[in-house]
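Notes to accompany the following structure.
There are 4 protein chains.
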Amino acid sequence: MIPTHDLQIRVRYQETDAMGRVHHANYITYFEMGRTELLRANGYSYRQVEGEGYYLVVAQVDIKYLLPAFYDDVLTMRTTVMSARGARIEHVYEVYRGLELLASGRSLVACVDKQGRVRRLPSWLQKREPR
Amino acid sequence: MIPTHDLQIRVRYQETDAMGRVHHANYITYFEMGRTELLRANGYSYRQVEGEGYYLVVAQVDIKYLLPAFYDDVLTMRTTVMSARGARIEHVYEVYRGLELLASGRSLVACVDKQGRVRRLPSWLQKREPR
Amino acid sequence: MIPTHDLQIRVRYQETDAMGRVHHANYITYFEMGRTELLRANGYSYRQVEGEGYYLVVAQVDIKYLLPAFYDDVLTMRTTVMSARGARIEHVYEVYRGLELLASGRSLVACVDKQGRVRRLPSWLQKREPR
Amino acid sequence: MIPTHDLQIRVRYQETDAMGRVHHANYITYFEMGRTELLRANGYSYRQVEGEGYYLVVAQVDIKYLLPAFYDDVLTMRTTVMSARGARIEHVYEVYRGLELLASGRSLVACVDKQGRVRRLPSWLQKREPR
Numbered sequence: 017m018i019p020t021h022d023l024q025i026r027v028r029y030q031e032t033d034a035m036g037r038v039h040h041a042n043y044i045t046y047f048e049m050g051r052t053e054l055l056r057a058n059g060y061s062y063r064q065v066e067g068e069g070y071y072l073v074v075a076q077v078d079i080k081y082l083l084p085a086f087y088d089d090v091l092t093m094r095t096t097v098m099s100a101r102g103a104r105i106e107h108v109y110e111v112y113r114g115l116e117l118l119a120s121g122r123s124l125v126a127c128v129d130k131q132g133r134v135r136r137l138p139s140w141l142q143k144r145e146p147r
Numbered sequence: 017m018i019p020t021h022d023l024q025i026r027v028r029y030q031e032t033d034a035m036g037r038v039h040h041a042n043y044i045t046y047f048e049m050g051r052t053e054l055l056r057a058n059g060y061s062y063r064q065v066e067g068e069g070y071y072l073v074v075a076q077v078d079i080k081y082l083l084p085a086f087y088d089d090v091l092t093m094r095t096t097v098m099s100a101r102g103a104r105i106e107h108v109y110e111v112y113r114g115l116e117l118l119a120s121g122r123s124l125v126a127c128v129d130k131q132g133r134v135r136r137l138p139s140w141l142q143k144r145e146p147r
Numbered sequence: 017m018i019p020t021h022d023l024q025i026r027v028r029y030q031e032t033d034a035m036g037r038v039h040h041a042n043y044i045t046y047f048e049m050g051r052t053e054l055l056r057a058n059g060y061s062y063r064q065v066e067g068e069g070y071y072l073v074v075a076q077v078d079i080k081y082l083l084p085a086f087y088d089d090v091l092t093m094r095t096t097v098m099s100a101r102g103a104r105i106e107h108v109y110e111v112y113r114g115l116e117l118l119a120s121g122r123s124l125v126a127c128v129d130k131q132g133r134v135r136r137l138p139s140w141l142q143k144r145e146p147r
Numbered sequence: 017m018i019p020t021h022d023l024q025i026r027v028r029y030q031e032t033d034a035m036g037r038v039h040h041a042n043y044i045t046y047f048e049m050g051r052t053e054l055l056r057a058n059g060y061s062y063r064q065v066e067g068e069g070y071y072l073v074v075a076q077v078d079i080k081y082l083l084p085a086f087y088d089d090v091l092t093m094r095t096t097v098m099s100a101r102g103a104r105i106e107h108v109y110e111v112y113r114g115l116e117l118l119a120s121g122r123s124l125v126a127c128v129d130k131q132g133r134v135r136r137l138p139s140w141l142q143k144r145e146p147r
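Residue numbers (the working numbering), protein chains in the order written: chain A, 17 to 147; chain B, 17 to 147; chain C, 17 to 147; chain D, 17 to 147.
Shown next as structure tokens:
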């Protein structure tokens, strides 16, 4: 299993705010894009995951903003899965512009069924521990 | 039937962009809010409409931007239904700040079922013509 | 000084996602709206704050999601200032639908000048301690 | 001058709505991304354009929605400049998923200075007519 993935994101004009920076709420969306692409790097698509009746809902996000990002910047969204057991996945995130760390974060996502009831992660989504 | 409704909208910081103005895509969302509240002013909720299996999807939008809006402005979103027949509703829109007209637009929404097939509007959504 | 403010927010269709819930990034925007209205409840507008050369940038946000919110829900965004000293303000947040707590959070905002340098909060923004 | 550019856009989960489709306001943002990349394909960046004191504000958008787009779709945003003279640029847009046309549109952007006054396009932004 590939635990880390780097995604390039070009900042959209729509994502900036009147301070001339990327509005801070957009990083939450960048994190989500990172999760999608990390899953794809491991051979799965989140669309298929939902197709099989598993929904991954965000239960917690922590984020620290260190430096601003600007329109047209190319950011590197680095997403790492820390654990995936039971019904929970923990990720950590770093957003870079070149070598500069702009933001870092962490999230917990919970696996539920279509009705919103907690559901054990499918085995192929569980992170295999190193032996 | 009440054909016109005025909704007050306070501009959010998140809606501004690096030019210091409300980003132009947000007006499309304001129009949608206007449609929701015009429906409510007539005693219906769009949530109920969907609950009964009618989905109103946007088929066309035209918009003209005349003057910029800024953070914390209180806008008046004026929404008017022009016609509602067959499977289509036509609205026109005006966005004001006080007496200044900032933007105007027009849309067509189409009524479909959950599978996306065109569906005749329920009779209570059809606009009664003046006799 | 009024430390807590309740803001009513009607969920927009645009804020929902394909799971039928409010997309989790929108709560960050709701928090920001809460800060704006708490400031206004105390007699200030954030637009004036920026006009005087003070910019409040978000340095940290933590959020826990407990229950989903849906289209057309009327939410209560409760915002409380915990401390406002030096160049930092700490807020806590609770999002309710009626008596149900849907989400809770905490943020730190930092005061900077137009060039992004840390700047001491103006005295009128500092939270007066009870004696 | 290259008049047309194709940009690949992967649909984000955040861009979907409770109907399971891409919310229609996002196409306006896709159009904007198309303009940015068409400019870049011609050797310019819009960031530099603003750096030289030219601001391109949207004056008009018309859009027709033909078929829905879904989460994780890879769309082709085709942007074509039709004319660029005086203080106005006209673009047309087509959004495809493979060979399916999902939406089409047209916009006028106006060139203004930092104070919002109409400003003639710089000569290097004017579209050279075929002789």
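Every residue gets a Cβ at the ideal spot worked out from N, C-alpha and C, and that includes glycine.
Practice prompt. Over the uninterrupted beta strand (DSSP E) stretch that includes A:Val65, give me the two end residues.
Written response: Mapped onto the first sequence, residue 65 of chain A falls at position 49. Per DSSP, A:Val65 is not a residue of any beta strand (DSSP E); the alpha helix (DSSP H) it occupies stretches across 62-67.
Worksheet item: Among residues of its own chain, excluding the 5 on either side of D:Glu68, which ones have a beta-carbon nearer than 6 Å to its beta-carbon?
Response: Locating residue 68 of chain D in the fourth sequence gives position 52, counting from the first residue. In its chain, beyond the 5 residues on either side, no residue has a beta carbon closer than 6 Å to the beta carbon of D:Glu68.
Practice prompt. Inspect the beta-carbon positions of B:Ala119 and B:Val27 and report whether they are closer than 8 Å.
Written response: Your numbering for residue 119 of chain B matches position 103 in the second sequence. Your numbering for residue 27 of chain B matches position 11 in the second sequence. Contact annotation: B:Ala119 and B:Val27 have beta-carbon atoms that are not nearer than 8 Å.
Worksheet item: According to DSSP, which residues form a beta bridge with D:Arg26?
Response: Locating residue 26 of chain D in the fourth sequence gives position 10, counting from the first residue. DSSP, once it has assigned bridges, lists D:Val90 as partnering D:Arg26.
Discussion item. Relative to the C-alpha of A:Val73, which candidate in D:Gln30, D:Leu91, D:Leu54, D:Leu72 has its C-alpha closest?
Written reply: For this step, residue 73 of chain A is matched to residue 57 along the first sequence. The option with the nearest alpha carbon to A:Val73 is D:Gln30.
Discussion item. Looking at C:Tyr148: is its Cβ nearer than 8 Å to the Cβ of C:Lys130?
Written reply: The structure shown has nothing for residue 148 of chain C, since chain C only spans 17 to 147.
Worksheet item: Does any CB atom of chain C fall closer than 8 Å to the CB of D:Tyr87?
Response: On the fourth sequence, residue 87 of chain D is found 71 positions in, with the first residue counted as 1. For D:Tyr87, the answer is yes, since a Cβ of chain C falls inside 8 Å of its Cβ.
Discussion item. So, for B:Glu110: in the same chain, excluding its five sequence neighbours on each side, which residues have a beta-carbon less than 7 Å away from its beta-carbon?
Written reply: Counting from 1 along the second sequence, the entry for residue 110 of chain B is found at position 94. Its chain contains Arg94, Leu117, Ser120 as the residues whose beta carbon lies nearer than 7 Å to that of B:Glu110, once the 5 sequence neighbours on both sides are disregarded; these appear in chain order.
Worksheet item: Thinking C-beta only, is A:Leu91 closer than 8 Å to A:Met49?
Response: Numbered from its first residue, the first sequence carries residue 49 of chain A at position 33. Numbered from its first residue, the first sequence carries residue 91 of chain A at position 75. The Cβ atoms of A:Met49 and A:Leu91 lie no closer than 8 Å to each other.
Worksheet item: Is C:Tyr62 near B:Asp88, with beta carbons less than 8 Å apart?
Response: Here the question's residue 62 of chain C lines up with position 46 in the third sequence. Here the question's residue 88 of chain B lines up with position 72 in the second sequence. Contact: yes.
Discussion item. Less than 8 Å between CB atoms is the rule here; does A:His39 satisfy it with respect to chain B?
Written reply: Walking along the first sequence from the start, residue 39 of chain A turns up at place 23. For A:His39, the closest Cβ of chain B is nearer than 8 Å.
Fill in: Between the CA atoms of B:Val65 and A:Asp78 - distance to the nearest angstrom
Indexing the first sequence from 1 puts residue 78 of chain A at position 62. Indexing the second sequence from 1 puts residue 65 of chain B at position 49. The straight-line gap from Cα to Cα measures roughly 37 Å.
Worksheet item: Taking Cβ to Cβ, would you say A:Val134 is nearer than 8 Å to A:Val128?
Response: Working through the first sequence from its first residue, we reach residue 134 of chain A at position 118. Working through the first sequence from its first residue, we reach residue 128 of chain A at position 112. Against a cut-off of 8 Å, the Cβ pair of A:Val128 and A:Val134 comes out as a contact.
Worksheet entry | For C:Ala57, the three-state DSSP class (helix, strand or coil) | As a working note, residue 57 of chain C is residue 41 in the third sequence. Of the three classes helix, strand and coil, the one that applies to C:Ala57 here is helix, per DSSP.
Discussion item. Taking DSSP's pairing of strands, which residues face B:Lys80 in a bridge?
Written reply: For this step, residue 80 of chain B is matched to residue 64 along the second sequence. Beta-bridge pairing links B:Lys80 to B:Ser120, D:Gln76.
Worksheet item: Of all the CB atoms in chain C, is at least one closer than 8 Å to the CB of A:Thr45?
Response: Reading the first sequence from its first residue, position 29 is the one you call residue 45 of chain A. A:Thr45 counts as touching chain C.
Fill in: Reduced DSSP category for C:Tyr46 - H, G, I as helix; E, B as strand; rest coil
Here the question's residue 46 of chain C lines up with position 30 in the third sequence. The three-state secondary structure of C:Tyr46, taken from DSSP, is helix.
Practice prompt. Could you check the C-alpha separation between B:Ala103 and D:Tyr81 for me, to the nearest Å?
Written response: As a position in the second sequence, residue 103 of chain B is number 87, starting the count at 1. As a position in the fourth sequence, residue 81 of chain D is number 65, starting the count at 1. Their Cα atoms are separated by approximately 15 Å.
Worksheet item: Name the DSSP bridge partner or partners of D:His107?
Response: One-based indexing of the fourth sequence puts residue 107 of chain D at position 91. Per DSSP, the beta bridge partners of D:His107 are D:Val97, D:Ser123.
Discussion item. So if DSSP puts C:His21 in a beta bridge, which residue, or which two residues, is it bridged to?
Written reply: Indexing the third sequence from 1 puts residue 21 of chain C at position 5. Paired residues: C:Thr95.
Worksheet item: What number of angstroms, rounded off, separates the C-alpha of B:Ser139 from the C-alpha of D:Tyr43?
Response: For the purposes of this step, residue 139 of chain B is taken as residue 123 along the second sequence, with counting starting at 1. For the purposes of this step, residue 43 of chain D is taken as residue 27 along the fourth sequence, with counting starting at 1. Cα to Cα, the separation comes out at about 31 Å.
Worksheet item: Whole-angstrom Cβ separation of C:Leu137 and C:Ala100, contact assumed at under 8 Å?
Response: On the third sequence, residue 137 of chain C is found 121 positions in, with the first residue counted as 1. On the third sequence, residue 100 of chain C is found 84 positions in, with the first residue counted as 1. C:Ala100 and C:Leu137 do touch by the CB rule: their CB atoms are close to 6 Å apart, below 8 Å.
Worksheet item: Comparing the C-beta of A:Met49 with each C-beta of chain D, is any distance below 8 Å?
Response: Taking the first sequence and counting its residues from 1, one reaches residue 49 of chain A at position 33. Yes, because at least one Cβ of chain D sits closer than 8 Å to the Cβ of A:Met49.
Item to complete: Quick one: residues in its chain with C-beta nearer than 7 Å to the C-beta of A:Ala75, no 5 flanking neighbours on either side, listed in chain order?
Response: Residue mapping note: residue 75 of chain A aligns to position 59 of the first sequence, counting from 1. Taken in chain order, the residues that qualify are Leu124, Val125, Ala126.
Worksheet item: Given A:His21, which residues of its chain have a CB within under 6 Å of its CB, disregarding the five upstream and five downstream residues?
Response: Against the first sequence, residue 21 of chain A aligns to sequence position 5. The residues are Glu53, Leu54, Ala57, Thr95.
Practice prompt. Measure the alpha-carbon distance for D:Ile18 versus D:Arg113 and round it to whole angstroms.
Written response: Translated into positions along the fourth sequence, residue 18 of chain D becomes position 2. Translated into positions along the fourth sequence, residue 113 of chain D becomes position 97. Note on geometry: alpha-carbon atoms of D:Ile18 and D:Arg113 lie some 23 Å from one another.
Discussion item. Strictly below 7 Å CB to CB, what residues from chain B border D:Val134?
Written reply: Here the question's residue 134 of chain D lines up with position 118 in the fourth sequence. The premise fails here: D:Val134 is roughly 13 Å from chain B at the closest Cβ pair, so nothing lies under 7 Å.
Item to complete: List the residues of chain A whose Cβ lies closer than 7 Å to the Cβ of D:Arg63, in chain order.
Response: Working through the fourth sequence from its first residue, we reach residue 63 of chain D at position 47. The contacting residues are Tyr87, Asp88.
Worksheet item: Out of curiosity, what's the CA-to-CA distance linking A:Val108 and C:Arg37?
Response: Mapped onto the first sequence, residue 108 of chain A falls at position 92. Mapped onto the third sequence, residue 37 of chain C falls at position 21. Taking the CA atoms as reference points, A:Val108 sits about 24 Å from C:Arg37.
Worksheet item: In chain D, which residues lie less than 8 Å from B:Lys80 when you measure between Cβ atoms?
Response: As a first step, residue 80 of chain B is located in the second sequence; it is residue number 64 there, counting from the start. Identification of chain D residues near B:Lys80 by a Cβ-Cβ cut-off of 8 Å yields Ala75, Gln76, ordered along the chain.
Worksheet item: Between A:Thr32 and chain B, is there a C-beta pair that is closer than 8 Å?
Response: As a first step, residue 32 of chain A must be located in the first sequence, where it is residue number 16. Yes, because at least one Cβ of chain B sits closer than 8 Å to the Cβ of A:Thr32.
Worksheet item: Taking buried to mean at least 16 other C-beta atoms within 10 Å of its own C-beta, is A:Leu115 buried or exposed?
Response: As a working mapping, residue 115 of chain A is identified with position 99 in the first sequence. With fewer than 16 other Cβ atoms within 10 Å, it is exposed.
Discussion item. Rounding to the nearest angstrom, what Cα-Cα distance links C:Thr32 and C:Ile25 in this structure?
Written reply: As a first step, residue 32 of chain C must be located in the third sequence, where it is residue number 16. As a first step, residue 25 of chain C must be located in the third sequence, where it is residue number 9. In this structure, the alpha-carbon of C:Thr32 lies about 14 Å from that of C:Ile25.
Worksheet item: CB-CB under 6 Å to B:Arg122, same chain, minus the five flanking residues each way: which ones, in chain order?
Response: Counting from one through the second sequence, the residue named residue 122 of chain B turns up at place 106. Scanning its chain for C-beta atoms nearer than 6 Å, with the 5 sequence neighbours on each side dropped, one finds around B:Arg122 the residues Asp78, Val108, in chain order.
Worksheet item: Given that a residue counts as buried once 16 or more other Cβ atoms are within 10 Å of its Cβ, and exposed if not, what is D:Met35?
Response: Position 19 of the fourth sequence, counting from 1, holds the residue named residue 35 of chain D. Its Cβ being crowded by 16 or more others within 10 Å, D:Met35 is buried.
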